[in-house]
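Participant: Handing you this structure, nothing more for now.
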Amino acid sequence: MNRELNKVLDSIANEYHGDISDGARNYVEVNIGKRSETMGYPELKKKYNEVCAIVPLKKPVNGMKVRIDGRTFVNYAQYDSGVAVPGYIAKDAGLPYKTFVPNDSMILNCTQ
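With our numbering, letter number 24 in the sequence shown gets 24, and the count goes up by one each step, no holes.
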């Protein structure tokens, strides 16, 4: 179990707490490496640079939308919070998870 990684994943879940919807088509990506760096974990930034968690949203947010094939998320894991991560991240974190089941097509909401 990696406490620092768990804190990073918790911060993502807390940021979007009221906006997460299991099974939603719209989602945002949150860069785990960048979030780790801002939280003061440079070693996690190196390890997870450019790796993103996905956050399924209740409703779309302002910004560009990109349609993504749901098969992109094969081997993703989802936590009780609703946040989904690549399977190897879930194993590194050591928290309980279930298999993430995406829609056939997902809509990435680009907010940055």
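The beta carbon of each residue, even a glycine, is placed where N, CA and C say it ideally should be.
Extract the residue ranges of the beta strand (DSSP E) inside the region 13-99, only unbroken runs of 3 or more that lie entirely within it.
Facilitator: 26-31, 52-56, 64-69, 76-78 and 84-86
Participant: Short of 8 Å in beta carbon distance, which residues of its chain neighbour Gly70, apart from the five on each side in sequence? Order them along the chain.
Facilitator: Indexing the sequence shown from 1 puts residue 70 at position 70. The beta carbon of Gly70 sits closer than 8 Å to the beta carbons of Pro102, Asn103, Asp104, Ser105 and Met106 from its chain, once the five residues preceding and following it are set aside; these are given in chain order.
Participant: Quick check: the Cα distance between Gly94 and Gly23, rounded to an integer number of angstroms?
Facilitator: As a working mapping, residue 94 is identified with position 94 in the sequence shown. As a working mapping, residue 23 is identified with position 23 in the sequence shown. Going by the C-alpha atoms only, they are around 23 Å apart.
Participant: Do three or more CB pairs link the region 40-48 to the region 71-85 at distances below 8 Å?
Facilitator: no
Participant: Within its chain, find whatever has a CB closer than 6 Å to the CB of Ala90; leave out the 5 residues flanking it on each side and keep chain order.
Facilitator: Sequence index remark: in the sequence shown, residue 90 carries index 90 (1-based). Once the five neighbours on either side are set aside, the close Cβ partners of Ala90 are Ala77 and Tyr97.
Participant: At what residues does the beta strand (DSSP E) containing Asn109 begin and finish?
Facilitator: Walking along the sequence shown from the start, residue 109 turns up at place 109. It spans Ser105 to Cys110 - the beta strand (DSSP E) in which Asn109 sits, taken as one unbroken run.
Participant: Quick check: Leu5 and Asp80, are their CB atoms within less than 8 Å of each other?
Facilitator: Along the sequence shown, read from residue 1 onward, the residue named residue 5 stands at position 5. Along the sequence shown, read from residue 1 onward, the residue named residue 80 stands at position 80. No.
Participant: Out of Gly87, Val83, Thr99 and Met64, which has the shortest C-alpha to C-alpha gap to Leu108?
Facilitator: Reading the sequence shown from its first residue, position 108 is the one you call residue 108. The candidate whose alpha carbon is nearest that of Leu108 is Met64.
Participant: Are the Cβ atoms of Ala13 and Ile32 separated by less than 8 Å?
Facilitator: By one-based count along the sequence shown, residue 13 stands at place 13. By one-based count along the sequence shown, residue 32 stands at place 32. No.
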